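Data block below; observations after.
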Amino acid sequence: MAISEDDIERVRTAQPISAVIGNYVALKRAGRNFLGLCPFHGEKTPSFNVRDETGRYKCFGCGASGDVFKFIQEVERMDFVGSVEHLAAKAGITLNYTTGGPSRDRQRNKELLDVMERAVEWYHQRLLTAPDAKDAREYLRSRG
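Per my numbering, the sequence shown runs over residues 13 to 156.
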């Protein structure tokens, strides 16, 4: 079962991202953004930037970034569906689940698997035929 795209968007826009993250991190307004100490690494100078206009966060110290769902996934240690359900419950939104076709995660995993299989085949062919892979072939033969 998957959560409908409309419900995901309703949950995403139910609260500004700064309000959600503000429950976990002390944020101070800095122009159009909010700044705070990153919850993903220890720091003394705020480098964690939250922007309501884009609905995204970014830490310029450790590189952590994402949207409201990614933030909840990281701090609450849950998967995407869990983060949507968590935020929906807090916002009082009832979710509609769809059945039938593959979920977005399943489809994404299939696409990634296809790409990896093509990469494996390309590297395998390169190992077998490329002139500059001769040393690698000899090494593998010597290992048995």
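Virtual Cβ for every residue (Gly too), placed ideally from N, Cα, C.
These numbers come from a predicted model, not from an experiment.
Note down, in chain order, each residue of its chain lying with its Cβ closer than 8 Å to the Cβ of residue i, except the 5 sequence neighbours on either side.
| i | result |
| --- | --- |
| VAL96 | ILE15, ASP19, ILE20, VAL23, PHE81, LEU107 |
Helix, strand or coil: how does DSSP classify residue i here?
| i | result |
| --- | --- |
| LYS146 | helix |
| ILE15 | strand |
| ARG44 | coil |
| THR110 | strand |
| VAL96 | helix |
| VAL37 | coil |
| LEU49 | coil |
| GLN119 | helix |
Based on the DSSP secondary-structure assignment, which residues constitute the bridge partners of residue i?
| i | result |
| --- | --- |
| ALA131 | Paired residues: none, contrary to the question. |
Would you call the CB atoms of residue i and residue j closer than 9 Å?
| i | j | result |
| --- | --- | --- |
| PHE60 | VAL37 | yes |
| LYS40 | GLY48 | yes |
| TYR69 | PHE83 | yes |
| GLY67 | PRO28 | yes |
Q. Along the chain, which unbroken stretches of the beta strand (DSSP E) at least 3 residues long are found entirely within the region 52-90?
A. 60-63, 68-71, 77-79
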